[in-house]
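Enquirer: Residue numbers (my numbering): 2 to 313. Dropping a structure here in structure tokens format, bear with me for questions.
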């Protein structure tokens, strides 16, 4: 018991150190900071939410002593809070439609996390708007200043890039953070599975399915974009992008299900992901495919798999 507590404290301090690497300004250190969630997920998915809470308290205490309330607040919102919420949902056990005991489906977890991120975005952008700040103008000035300090000439291409970021910067930041959150959780789960320390089995991608309300939330944001204007339309547009993330996973689930029907599954998926990464528009197409899959269930009631092997 004492050993587990010490391990949790150590993982929390490790997460705090990774978080503080952002302040160094070193590119390698900045890259490592993206894995700040990893020690927390290793603790939570191995020892459970209570030990994760110990880790979070240790990290927050260290940050208060080292930097005061600001780093503590940022760490709670960006690292500890989401890690505890995702871990808690991932380890929920309930009865499925057949009356068997099962963990909460990953589709519900992903959708709930997307809604949580969208809610935080609405709060932050709403607070800035209430203070009389023009969010787009603020983002434009920050990006222009950043490029100027980097010595990048303000060409028409750079100005066009700033214009795009100006419109979708909250969504880009939120989606990037959300994807890193899921990536850290997946890496932690993979490490624990290999070590035989995981509390729940790894969900199969081919069986991923979203709850019905996920489409309602996305449609509501889209409806608001169409009928609102000004700051409300700006916030709704960025919220809609965040709420589209679960449908990206739904589209990937369809691809995994189709690939599982062939003996060369791993090769097919490898080529698919290489092409997807090289073409940013492919993710828009996959998201659209996910929405179609959610509406008409292209996979049918059962996932399309060749065997009971776990999709990775």
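Glycine is no exception: its CB is placed at the ideal position from the N, C-alpha and C atoms. Note that this is a predicted model, so its numbers are computed, not measured.
Whole angstroms are fine: how far does the CA of residue 104 sit from the CA of residue 200?
Expert: Cα to Cα, residue 200 sits roughly 10 angstroms from residue 104.
Enquirer: In whole angstroms, what is the alpha-carbon distance linking residue 307 and residue 107?
Expert: Residue confidence for residue 307 is low, a pLDDT of 45 falling below 50, so the modelled location carries little weight; the figure read from the coordinates is stated next. If you take the alpha carbons of residue 307 and residue 107, they lie about 21 angstroms apart.
Enquirer: Measure the C-alpha to C-alpha separation of residue 293 and residue 20 and round it to an integer number of angstroms.
Expert: Cα-Cα distance, rounded: 39 angstroms.
Enquirer: Is the region 234-245 touching the region 168-175, taking contact as three or more C-beta pairs under 8 angstroms?
Expert: Touching, yes.
Enquirer: Confirm, please, whether the CB-CB distance from residue 53 to residue 88 is below 7 angstroms.
Expert: Taking 7 angstroms as the Cβ cut-off, residue 88 and residue 53 qualify as a contacting pair.
Enquirer: Buried or exposed: residue 310, going by 16 or more other Cβ atoms within 10 Å of its Cβ?
Expert: Model confidence at residue 310 stands at a pLDDT of 42, short of 50, so the residue's coordinates are unreliable; what they give is reported in the following sentence. The residue in question, residue 310, is exposed, as its Cβ has fewer than 16 Cβ neighbours within 10 Å.
Enquirer: Check the C-beta distance from residue 184 over to residue 243 and give it rounded, since I have them as a contact under 8 angstroms.
Expert: Rounded, the Cβ-Cβ distance is 16 angstroms, inconsistent with contact.
Enquirer: Please check the pair residue 81 and residue 63, which I expect to be a contact at CB under 8 angstroms, by giving their CB distance rounded to whole angstroms.
Expert: 12 angstroms between Cβ atoms; not a contact.
Enquirer: Do you know how far the Cα of residue 259 is from the Cα of residue 273?
Expert: Between residue 273 and residue 259, the C-alpha separation is close to 12 angstroms.
Enquirer: According to DSSP, is residue 209 part of a helix, a strand, or is it coil?
Expert: Of the three classes helix, strand and coil, the one that applies to residue 209 here is coil, per DSSP.
Enquirer: Suppose the cutoff is 6 angstroms on Cβ atoms and the five residues either side in sequence are ignored; what does the same chain contact list for residue 152 look like?
Expert: Nothing listed; no residue qualifies.
Enquirer: Is residue 119 helix, strand or coil when you go by DSSP?
Expert: The answer is helix: DSSP assigns residue 119 an H, G or I state.
Enquirer: Using a threshold of 7 angstroms, state whether the C-beta atoms of residue 84 and residue 41 are closer than that.
Expert: Closer than 7 angstroms, so yes.
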